[in-house]
Every structure is written in C-alpha cells, then in structure tokens.
Amino acid sequence: GVGADGVIDGAGWYWYPFFLNHTAANYLGRPHIIEIENCTGVEITGVTLRDPAFWTLHPVYCTDVYIHHMTIDAPMCRNYRCPNTDGIDIHSCQNVLVEYNTIECGDDHVTILAGK
Numbered sequence: 011g012v013g014a015d016g017v018i019d020g021a022g023w024y025w026y027p028f029f030l031n032h033t034a035a036n037y038l039g040r041p042h043i044i045e046i047e048n049c050t051g052v053e054i055t056g057v058t059l060r061d062p063a064f065w066t067l068h069p070v071y072c073t074d075v076y077i078h079h080m081t082i083d084a085p086m087c088r089n090y091r092c093p094n095t096d097g098i099d100i101h102s103c104q105n106v107l108v109e110y111n112t113i114e115c116g117d118d119h120v121t122i123l124a125g126k
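Read in order, the letters of the sequence shown are residues 11 to 126 in the working numbering.
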C-alpha cells in the first residue's frame, strides 16, 4: 500500500503541451501518478497526489482496495486545457471502499469502469 504524509507530483504541466500539440504524448501516452494492477489488499492513505498528466489514481483488476484520508489536487484548467485529469478511476475491481478524501480535479472525481 501507499501510506505517507508526503506529496507525489505528476508534473502534468510538462505533459499538457505535448498532448495539445499532438507530439510525443499522443504516441507515448500520458502517465498516471499511481496505477496499481492485479493486486489484493491495497490501502492508499495519507498521501497527496498533485498535478497529474492524465488520471491520478487508477486501480485495475484489484480486490479489497481501501482508499482513504488522502488528497488529490489536479488542475481545474480554467486558463489551460488539461484533458482527463480524473481523480480516482476504479477499473474492473472488486470490494473497493473510497472515503474521507479531498478531491479537486479538472474532470471526473471518482469513476467506476468495467472491462478493458
């Protein structure tokens, strides 16, 4: 799991111009700050995730996930186009609890997706 009082900065401002100008980011893709795949018993707490280039937190095919007491600070992008700066994208997971978080983002705050 991830549990700390620190900040993970996704350097989103570095990636947006590439995406908007149809250069490297279109071919390489923009990174998520945290992507967890095929895990069981995941806990994410206490950390601040800031300025993602794309989705901020993305658990995929996970079971027993607890996301709590954390902060997501993604840009609102009023003066700059920051596409798809989602907060939490839960993808094809089972038994997930999301509570007591502060999420400010430019797109979806919490999304539940199925199939990939």
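From the three backbone atoms N, C-alpha and C, an ideal C-beta is built for every residue, glycine too.
Beta-carbon proximity of residue i to residue j, cut-off 7 Å
i: Ile43; j: Gly20; result: yes
i: Pro62; j: Gly116; result: no
i: Thr58; j: Val120; result: no
i: Val75; j: Gly11; result: no
i: His82; j: Ile46; result: The question names His, but residue 82 is Ile in the sequence shown. In this structure, Ile46 does not lie closer than 7 Å to Ile82 by Cβ.
i: His79; j: Gly56; result: yes
i: Phe64; j: Asn31; result: no
Strand pairing of residue i, partner residues [DSSP]
i: Arg60; result: Asp19, Asp83
i: His68; result: Glu45
i: Leu38; result: None; Leu38 has no bridge partner.
i: Tyr76; result: Glu53, Leu107
i: Gly13; result: Thr55
i: Thr121; result: Asp99
Residue i: first and last residue of the uninterrupted beta strand (DSSP E) it sits in
i: Asp99; result: 98-101
i: Gly33; result: Going by the sequence as given, residue 33 is Thr instead of Gly. It is not in any beta strand (DSSP E) - Thr33 carries neither H nor E in the DSSP assignment.
C-alpha gap between residue i and residue j, whole angstroms
i: Trp25; j: Asn105; result: 33 Å
i: Asp128; j: Asn111; result: As displayed, the chain neither begins before 11 nor continues past 126, which places residue 128 out of reach and without an answer.
i: Ile122; j: Val108; result: 11 Å
Is there contact here, the region 71-85 with the region 97-104, by at least three beta-carbon pairs under 8 Å?
Pairwise C-beta distances place the region 71-85 in contact with the region 97-104, as three or more of them are shorter than 8 Å.
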